[in-house]
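Structure record follows, encoded as structure tokens.
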Amino acid sequence: MKTADMGLWLLAFRLPSAIGLLLAPSFLSLAALAASPDTLFQAGATAYRAADYTQAAEAFRQSVTLQPASGTLQDLGNAEWQRHRTGEAILAWEQALWLDPFNDAARQNLRFARKTAQLEAPELAWYEVISTWLPVNWWAWIAGGSLWLAVGMGALPGLLRRRKATWQQATAALALMVFLLSIPALFGVQTRARIGFALQKDTPLRLTPTLEAQTLTRLAPGDPARWLRSRGRYVLIRTSRAVGWVEQDQLGLTCPKAGKRIG
Amino acid sequence: MMPSLNHLSASSRCARSSHWTGAFRLWTLDFGLSTSLLLGATALAATPEAAPPDTPREFYNAGTRQLAARKLREAEASLESALASQKEQLRPPALYNLGLVRFGQGVEQLKKGPAAKPTLERGQSAAKQADAALHQADEALGGNDLDRMVAAYMRGRGARKELKAATEAVRRALQAHGAVLTRWERASGDFKSAAELNSADSDARHNSEVLDRCIAKLVDSLREMQQCLNGMCDKGNKLSEAVKQLKGRIPAPNMPPGAAGDDEEDEDQPFGPQPGQEEGPSKQGQEMTLSPEQAGWLLDAYKLDSERRLPMGQGPAADPKERSRPTW
Chain A
89 MKTADMGLWL LAFRLPSAIG LLLAPSFLSL AALAASPDTL FQAGATAYRA
139 ADYTQAAEAF RQSVTLQPAS GTLQDLGNAE WQRHRTGEAI LAWEQALWLD
189 PFNDAARQNL RFARKTAQLE APELAWYEVI STWLPVNWWA WIAGGSLWLA
239 VGMGALPGLL RRRKATWQQA TAALALMVFL LSIPALFGVQ TRARIGFALQ
289 KDTPLRLTPT LEAQTLTRLA PGDPARWLRS RGRYVLIRTS RAVGWVEQDQ
339 LGLTCPKAGK RIG
Chain B
345 MMPSLNHLSA SSRCARSSHW TGAFRLWTLD FGLSTSLLLG ATALAATPEA
395 APPDTPREFY NAGTRQLAAR KLREAEASLE SALASQKEQL RPPALYNLGL
445 VRFGQGVEQL KKGPAAKPTL ERGQSAAKQA DAALHQADEA LGGNDLDRMV
495 AAYMRGRGAR KELKAATEAV RRALQAHGAV LTRWERASGD FKSAAELNSA
545 DSDARHNSEV LDRCIAKLVD SLREMQQCLN GMCDKGNKLS EAVKQLKGRI
595 PAPNMPPGAA GDDEEDEDQP FGPQPGQEEG PSKQGQEMTL SPEQAGWLLD
645 AYKLDSERRL PMGQGPAADP KERSRPTW
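Heads up: the sequence lines are chains A and B, in that order.
First residue of the first sequence? That's 89 in our numbering, and the numbers climb one at a time after it.
First residue of the second sequence? That's 345 in our numbering, and the numbers climb one at a time after it.
Here it is, written out as structure tokens:
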């Protein structure tokens, strides 16, 4: 399954890497940039079947850069898992679920990976749990649609100088109720966008945002954390154990654009 | 000059240490301490003890006071708490003071622990003695003179004992200096972090440079001790071998007193099992037979407290308290 949802943020996030790839004298990169997302996906799938997981991950990543899709992200996670890059794999599967919460394969892979690597899942607040029930853009559509429906049903009869019918009032009330119910989910989407995952092995969690900082603890790849704020090339994160700083490239956000916006 | 603090009153205190501080600038900062004291003077007069710190600023001030009072462990905890609050303004001065605290801890550990130079000299002296004893043992083993062999044996044993004691002392000194190195490396990191966060903080930069020089000296000393330790271990092994050979060559009647039970293995494992030693026989007796009922009692006795019933009271049963309010 391939969806083009949330394409802009991912494209913005991957743009520097795409430029880097353009400059790199790699044959694959040059060929990949000329290729379409579908071609890249097929190339990745072929490499994956041939057990060339490095090439597969590269192709899937480039395909996702051009066209973010839950299925491609899931495959990217599989390829990264085969490369023993747990952090990257978990991030890819979480991004797959972010785009499509109905992707059961990604969910099962996440569960298996966390059980195998003995990692904990991010702790979600109730409104964040609600936000996982539907794809993130659906909540925006639902909120917008219900609000305009409520406004329309409430205001249009008056503007058209007609008498309000009972069904119109009932529809307005129902739409308003749906709008109000979707607000916590929208808030949950916003807060969930700040959840990230440690990418590297033994990522040091620093007490201060400095090069020679004291190390509070070390994070395993795939450990969840919440982005709080950034300072220079460091980001302040909260994990289940402590609050501290990591380097920006040591943390992958589920929704990378959210990090840029917060920072 | 002290690290600048914006919009907050700060009083500085300069302390000179007698040791290691030829060029080390020891400034401690009381972050708003004078203001706090001024505002809280009446409150302090009313309360016998100052309240434990609660806010990051209070933690910082407490840490600074503890540093001034040389309560280094407490100061470290307080300053770390202040840093953990992630307050931007507190970070550079807290790091600076934390550097001072950890440097001070290292100095204290150095003072308490064995000194490097005498320990090293003792080790070198023991190594020289071992060399001489080895030479004598080689010469004695080359001939058949029994008296020379006994003398070499006695000297070898003495040198080995001294070598062991010196080795242990060097090992202890190595551990102590290693701990100091860890402390100072952390302190240097703190000063560097303070300088990184506040590029105008020349004191922090200066202190980190001085500390790096101290660390370099300490590393040299550690390396020297490690080399000495390795040399002593080698010599100890050779000496043990020579003493063993001498012991094999000297007939039992000619052995000096105390030689029989004074093997190296005995010294190494004074409480360990002897070669050929076996576990003693178990106590003689008959197996106790238990009836199922007795076994049940025994098992009940070992059960956890959750199933153990409390004894009933002997007096009259008391009525429960009357509750005027609903029980929810």
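For glycine and all other residues, C-beta sits at the position ideal for the given N, C-alpha and C.
8 Å contact criterion, which residue i and residue j should meet: CB distance rounded
i      : j      : result
A:A313 : A:G284 : 6 Å
A:T220 : A:L237 : Not really, about 25 Å apart at Cβ, beyond 8 Å.
A:P69  : A:W333 : Past the edges of chain A, shown from 89 to 351, lies residue 69 of chain A, and the structure says nothing about it.
B:M576 : B:A471 : 6 Å
B:A484 : B:L590 : 7 Å
B:L478 : B:A586 : 6 Å
A:A194 : A:R202 : About 12 Å; that fails the 8 Å criterion.
B:L573 : B:R515 : 6 Å
B:I594 : B:M493 : 5 Å
B:A503 : B:A474 : 5 Å
A:E182 : A:L198 : 7 Å
B:E452 : B:L416 : 7 Å
A:L185 : A:Q150 : That belief does not hold up - the Cβ atoms of A:L185 and A:Q150 are roughly 21 Å apart, past 8 Å.
A:Y136 : A:D163 : 7 Å
A:P245 : A:L187 : About 39 Å separates the two Cβ atoms, so there is no contact after all.
Identified DSSP bridge partners for residue i
i      : result
A:I325 : A:W315, A:G332
A:T303 : A:R294
A:I218 : Paired residue(s): none; A:I218 is not in a bridge.
A:F285 : A:P312, A:G340
Cβ pair residue i, residue j closer than 8 Å
i      : j      : result
A:A177 : A:G159 : no
B:D534 : B:R446 : yes
A:V277 : A:S234 : no
A:Q302 : A:V323 : no
A:A131 : A:L207 : no
B:L454 : B:A438 : no
B:L525 : B:L566 : yes
B:E540 : A:L299 : yes
A:A213 : A:M241 : no
B:R466 : B:A520 : no
A:A167 : A:A145 : yes
A:F275 : A:Y215 : yes
B:A460 : B:A517 : yes
B:Q410 : B:E418 : yes
A:A281 : A:I218 : no
B:A548 : B:Y440 : yes
B:L464 : B:E568 : yes
Residue of the options minimising C-alpha distance to residue i
i      : options                        : result
B:Q449 : B:S532, B:A496, B:D491         : B:S532
A:L268 : A:G232, A:E300, A:R250, A:Q143 : A:G232
A:R294 : A:R282, A:I271, A:F275, A:R326 : A:R326
B:G500 : B:Q410, B:G580, B:W641, B:A395 : B:G580
A:A330 : A:R306, A:D192, A:Q162         : A:R306
B:P458 : B:A513, B:A395, B:Q410, B:Y497 : B:A513
B:A538 : B:Q433, B:R401, B:R414         : B:Q433
A:P189 : A:L161, A:A138, A:A167         : A:L161
A:L287 : A:N225, A:L339, A:Q155, A:G246 : A:L339
A:P292 : A:R317, A:R282, A:D311, A:A157 : A:D311
B:W528 : B:K508, B:N542, B:S552         : B:S552
A:A180 : A:S318, A:L222, A:V152, A:P272 : A:V152
A:N225 : A:R250, A:T204, A:S270, A:K289 : A:S270
B:P400 : B:A413, B:G407, B:A426, B:W641 : B:A426
A:S328 : A:K289, A:W315, A:W169         : A:W315
B:S429 : B:P397, B:L444, B:A412         : B:P397
B:R414 : B:S546, B:H550, B:L442         : B:L442
B:K505 : B:S469, B:R530, B:L634, B:D482 : B:S469
A:H172 : A:K252, A:D192, A:W229, A:T204 : A:T204
Distance cut-off 7 Å: residue i Cβ against heavy atoms of the ligand COA
i      : result
B:L490 : For the structure depicted, the ligand COA is absent and the ligand set is empty, with no information on it obtainable.
| message | To be precise: take each residue of the segment 301-330 of chain A, compare its Cβ to all Cβ atoms of chain B, and keep it if any distance is under 7 Å. Which residues remain? | response | Close to chain B, meaning a Cβ-Cβ distance shorter than 7 Å, are the following residues of the segment 301-330 of chain A: A301, Q302, L324.
| said: Can you pull out the residues from the segment 532-546 of chain B whose beta carbon lies closer than 7 Å to at least one beta carbon of chain A? | reply: Per Cβ criterion, the list reads G533, K536, S537, E540, L541.
| What residues in the segment 136-164 of chain A bring their beta carbon closer than 9 Å to a beta carbon of chain B? | Residues of the segment 136-164 of chain A that bring their beta carbon within less than 9 Å of a beta carbon in chain B are absent altogether.
| message | Using a Cβ-Cβ cutoff of 7 Å, what residues of the segment 279-301 of chain A are near chain B? List them in chain order. | response | Answer in chain order: L295, T296, T298, L299, E300, A301.
| Between the segment 429-453 of chain B and chain A, which residues of the former have a C-beta closer than 7 Å to a C-beta of the latter? | Hits within the stretch, in order: Q430, R435, L439.
| Interface residues of the segment 408-428 of chain B facing chain A [CB-CB below 9 Å] | If the cut-off is 9 Å between Cβ atoms, the segment 408-428 of chain B has E424, L427, A428 near chain A.
| Residues within the segment 519-533 of chain B neighbouring chain A, beta-carbon criterion of under 8 Å | For the segment 519-533 of chain B, which is checked against every Cβ of chain A, the residues closer than 8 Å are R530, S532, G533.
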